[in-house]
Amino acid sequence: MGFRLLKLFPGKRETPLKCSLYHSSLTSHPRYYTVSYIWVAAGLLQEIELNGVAQPIQANLFDFLQQLRLPDAPVILWVDALCINQSDVLEKNIQVPLMGAIYSIAKSVLIWLGPQADGSEEYFDSCNHTTSESQSALSSWSIQRNVVHDTGNPTAVTIASLQDRTYWTRTWIIQEIVLAADIYIFCGDRS
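Using the UniProt record's numbering, you'd call the opening residue of the sequence shown number 1 and step up by one each time.
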């Protein structure tokens with residue numbers, strides 16, 4: 001069954017985002033990443049160049065594509081808002097049932113929590129420099145929000161803040177995360 005992939009062309013952060021769509025098939029085992037993020041209802045729009053034409057996209061997605069773009073190599077992505085024609089009901093009816101396979105054969109799912117806030121920079125930096133023992137302790141740590149905010153522990157408050165992000169309220173993320181071969185979580189310019 002066929003689907004579209006997005007090629008994000010290389011560039012510097014300050015240059016316009018340029019992309020192209022191309023057709024692929026699940027049976028050809030393409031190498032790509034899926035993007036998991038929140039759609040912001042009536043959110044701000046930014047423009048990218050898609051197949052040589054200006055295309056408005058949500059600012060939230062625009063920010064993440066800027067984070068993902070490499071300076072010297074293209075990045076191949078599957079992004080629902082761009083790879084499925086959202087104004088074509090027939091296409092959506094065909095493509096949505098394929099999403100499970102699209103997520104499961106992707107190289108990784110890239111999760112976008114949004115911009116940095118509430119100490120997220122420091123938290124992601126500390127996660128990238130902790131020992132496996134302390135990471136194990138963090139991953140098994142169950143936080144009760146009322147206790148966390150009362151203690152004022154900065155790490156606990158940051159974790160609670162990350163857990164409170166709108167991203168985690170989306171029903172679709174269950175499929176996107178469970179089917180993933182690998183997951184990377186991005187918050188601002190950290191992962």
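Ideal Cβ positions, reconstructed from N, Cα and C, are used throughout, including at glycine.
- By alpha-carbon distance to D182, the top candidate from S20, S36, G11 is S36.
- The residue among D88, R13, S28, L26 with its C-alpha nearest the C-alpha of R69 is R13.
- Contact check for I84 against E91 passes: the beta carbons are separated by less than 8 Å.
- DSSP, read as helix, strand or coil, puts L61 in helix.
- L45 counts as exposed, since fewer than 16 other C-beta atoms from the protein chains shown sit within 10 angstroms of its C-beta.
- Here the alpha carbons of I111 and C187 stand approximately 9 Å from one another.
- Each of L21, P56, I185, E176 was checked against the Cα of V75, and the nearest Cα belongs to L21.
- When rounded, the separation of the alpha-carbon atoms in A73 and P10 is 5 Å.
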